[in-house]
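Trainee: My questions all concern the structure below.
There are 2 protein chains.
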Amino acid sequence: MPLHLEVQTAVAKINKYATHESGDTVEVVERPQGGISLVMADGQRSGRSAKAISNIVVRKAISLLAEGVRDGAAARATHDYLHTQRGGKVSAELTIVSIDLVTQTLVISRNARCPILLRQGEIVRWLDDASEAVGIHRNTKPTITELTLSAAISVIAFTDGVWAAGFRTGVTLDLPALLQHIDPQGDANAALIADAILAEALRLDHNRPHDDASVLVVKVLAVQPPDPVRRLFMRFPI
Amino acid sequence: MPLHLEVQTAVAKINKYATHESGDTVEVVERPQGGISLVMADGQRSGRSAKAISNIVVRKAISLLAEGVRDGAAARATHDYLHTQRGGKVSAELTIVSIDLVTQTLVISRNARCPILLRQGEIVRWLDDASEAVGIHRNTKPTITELTLSAAISVIAFTDGVWAAGFRTGVTLDLPALLQHIDPQGDANAALIADAILAEALRLDHNRPHDDASVLVVKVLAVQPPDPVRRLFMRFPI
């Protein structure tokens, strides 16, 4: 019986307490030769100026990826663009997670202090190599992780607001333990995982998030029988 | 008690039977001044050439919308672009549905033969004014419908593969009746509605869709209590 793979991706996002605009931007784009890319940016500071920064960073990366530029080059070019536009004075953390159907790989490009949690089967590890935000220094480049597409991969990326949730009370997020609790068998829905992680971060901040907080989950899992339908769902308050 | 509005949007998509690539493309973009736009294109014919057409049409429209170009102008410019690039020999049906938080309106731009179903409260009507696909004739422009954002709006747009489902057996989709059945109170989840409509189209085609088929649902509904989290979920086979 052939193995049928499904990709699930989920984003859950909330603004800093009492802030109207989020400095985090997450967007998705279809890759011209097959697959998708998710781009998440956390602009320096919060509110309107942070939103403007994360927006131009995501927009630049998305437009390059949509033209077929490879992920590492798109991240470098986005850095150069922000560095040139803002004279090296403004930074953004930038994460790109792609399902590339040409190379049949999952590609993670990280320009952020926040680590990324990766689970493959039973193995859980942090992607936490030293990595710089885009926009400030010369020749900034992403740290890249590339995995062959196969069943039982989970990638969990997030912004500062999640990573530092609860820091004022001294209780922080134990993400590997939480993931094991939410998704012991690796078959939980990506939306459920993203929701549970954001809810836990909110709880640690007593429901008054100290920063914009975003969680991005990408899963590759085996499904039987295969489902040929492609689905997208979004909901947000206005 | 103030009325809290939520936007829900869902897409369900399937390829023509035994076809690897869909000629339909649907993408979403965040509007620079607030809100989102969903862009759906159905490229002429099916398979790889149709995918290439719908892809460049959606890409052009998305990049204009991301720069703040208003919907009608984006649709006209996308037409001009396709017309110029392909010498007026290639067409695509193009639908843009936007939640514009600057004007506080829902904007529907239609360049397609397929009508769009609109429900506001109890009132159900077809948006079916004469409308041309983009790419062929000179000076093609969209038919535009603009509504103030308020509770209890549902927009259901789709491509040919849904509209003409079952045409070989003479049984076609009664969308108003189906919507009334799935969502009698107007509070059903948009994903559930998109799934049910695509499933019915598939059933009429005996699970061998005669064409690429896509359903796009946008709902505005009142929620109590408000939920400040923004969510996105996608799943697709690879």
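Residue numbers (the numbering used here), protein chains in the order written: chain P, -1 to 236; chain V, -1 to 236. Don't be surprised by glycine CBs; every beta carbon is placed ideally from N, CA and C. Owing to the predicted nature of the structure, the values given are computational and were not obtained by experimental measurement.
1) How about V:Ile142 and V:Ile106: do their beta carbons lie closer than 8 angstroms?
2) Could you check which residue in V:Ala186, V:Val95, V:Ala50 and V:Arg68 has the C-alpha nearest to that of P:Ala64?
3) Check whether the Cβ atoms of V:Thr23 and V:Ala39 sit closer than 8 angstroms, and answer yes or no.
4) Between which two residues does the alpha helix (DSSP H) containing V:Asn109 stretch?
5) Chain P beta carbons: is any one of them nearer than 8 angstroms to that of V:Met38?
6) Under 7 angstroms between beta-carbons, which chain A residues line up against P:Ala10? List them in chain order, please.
7) Taking only beta carbons into account, state which residues of the region 50 to 67 of chain V come closer than 7 angstroms to chain P, listed in chain order.
8) Secondary structure at P:His179, three-state DSSP: helix, strand or coil?
9) Report the option in V:Glu19, V:Tyr15, V:Ile34 and V:Ile12 whose CA atom is closest to the CA atom of V:Leu230.
10) Could one say the Cβ of V:Leu99 lies closer than 8 angstroms to chain P's Cβ atoms, at least one of them?
11) Give me the chain V residues within the contact set of P:Ile236, using Cβ-Cβ distance strictly less than 8 angstroms, ordered along the chain.
12) May I have the straight-line CA-CA distance separating P:Thr17 from V:Ala199, to the nearest angstrom?
13) Note down, in chain order, every chain V residue with its Cβ under 7 angstroms from the Cβ of P:Leu196.
14) Within the chosen definition, does the region 98 to 115 of chain P reach the region 144 to 159 of chain P through at least 3 CB pairs nearer than 8 angstroms?
15) Using the DSSP secondary-structure output, state which residues sit across from P:Arg233 in a beta bridge.
16) Mapping DSSP to helix, strand and coil, what is P:Ala162?
17) Just verifying my parser: in three-state terms, what is the DSSP assignment at V:Ser212?
18) Going by beta-carbon coordinates alone, are V:Met232 and P:Val218 separated by less than 8 angstroms?
19) List the endpoints of the continuous beta strand (DSSP E) containing V:Ser148.
20) If I measure Cβ to Cβ from P:His208 and keep anything under 6 angstroms in the same chain, skipping five residues before and after, which residues do I get?
21) DSSP state of V:Arg287, grouped into three classes?
22) Within the same chain, show all residues whose beta-carbon is closer than 6 angstroms to that of V:Ile154, passing over the 5 residues directly before and after it, in chain order.
23) In the DSSP assignment, find the unbroken beta strand (DSSP E) run with P:Arg68 in it and report its ends.
24) Does the structure place the region 131 to 140 of chain V close enough to the region 170 to 181 of chain V that three or more beta carbon pairs sit under 8 angstroms?
25) Specify the secondary structure class of P:Ala128 as computed by DSSP and reduced to three states.
26) Can you tell me which of P:Ala186, P:Ala188, P:Ser20 and P:Arg117 puts its alpha carbon nearest to the alpha carbon of P:Gly41?
27) From the DSSP output, read off the bridge partner residues of V:Gly240.
28) Please list the terminal residues of the continuous alpha helix (DSSP H) segment that includes P:Leu171.
29) Check whether chain V comes within 8 angstroms of P:Ala188, counting only Cβ atoms and requiring the distance to be less than that.
30) Note the first and the last residue of the continuous beta strand (DSSP E) segment covering P:Glu25.
31) Exposed or buried, P:Asp210, counting other C-beta atoms within 10 Å across all chains shown (16 or more means buried)?
32) Exposed or buried, what is V:Glu239 when buried is set at 16 or more other beta-carbons lying within 10 Å of its beta-carbon?
33) Hey, does P:Glu120 have any beta-carbon neighbour from chain V nearer than 8 angstroms?
34) Only counting the same chain, and skipping five residues up and downstream in sequence, which positions put a Cβ closer than 6 angstroms to that of V:Ala189?
35) For P:Arg206, which of V:Pro226, V:Gly168 and V:Asp193 has the nearest alpha-carbon?
36) Quick one: Cα of P:Gln6 to Cα of V:Lys139, how far?
Mentor: Considering the structure as presented:
1) yes
2) V:Ala50
3) Yes, these two residues count as a Cβ contact at 8 angstroms.
4) Here V:Asn109 belongs to no alpha helix (DSSP H); instead the beta strand (DSSP E) covers Thr103 to Asn109.
5) Judged by the 8 angstroms Cβ criterion, V:Met38 is not in contact with chain P.
6) Absent from the structure is chain A; the protein chains it does hold are P and V.
7) Listed in sequence order: Asn53, Arg57, Ser61 and Ala64.
8) helix
9) V:Ile34
10) It does; some Cβ of chain P falls within 8 angstroms.
11) Taking the beta carbon of P:Ile236 as reference, the chain V residues within 8 angstroms of it are Leu3, Glu4, Val5, Gly33, Ile97, Leu99, Leu147 and Val218, listed in sequence order.
12) 43 angstroms
13) Val227
14) yes
15) V:Gln6 and V:Arg229
16) In the structure shown, P:Ala162 adopts coil according to DSSP, grouped into three states.
17) strand
18) V:Met232 places its beta carbon 8 angstroms or farther from that of P:Val218.
19) Per DSSP, V:Ser148 belongs to no beta strand (DSSP E) and is neither H nor E.
20) none
21) With chain V running from -1 to 236 in the structure shown, residue 287 of chain V is simply not present.
22) Leu115 and Val215
23) Where P:Arg68 is concerned, there is no enclosing beta strand (DSSP E), given that its DSSP letter is neither H nor E.
24) no
25) coil
26) P:Ser20
27) What the structure shows of chain V is the stretch from -1 to 236, and residue 240 of chain V is not part of that stretch, so it cannot be assessed.
28) That residue, P:Leu171, is in no alpha helix (DSSP H); it is neither H nor E in DSSP.
29) yes
30) Asp22 to Glu28
31) buried
32) Only positions -1 to 236 of chain V appear in the structure, and residue 239 of chain V is not among them; the question remains open.
33) no
34) Ala8
35) V:Pro226
36) P:Gln6 and V:Lys139: Cα-Cα distance of roughly 37 angstroms.
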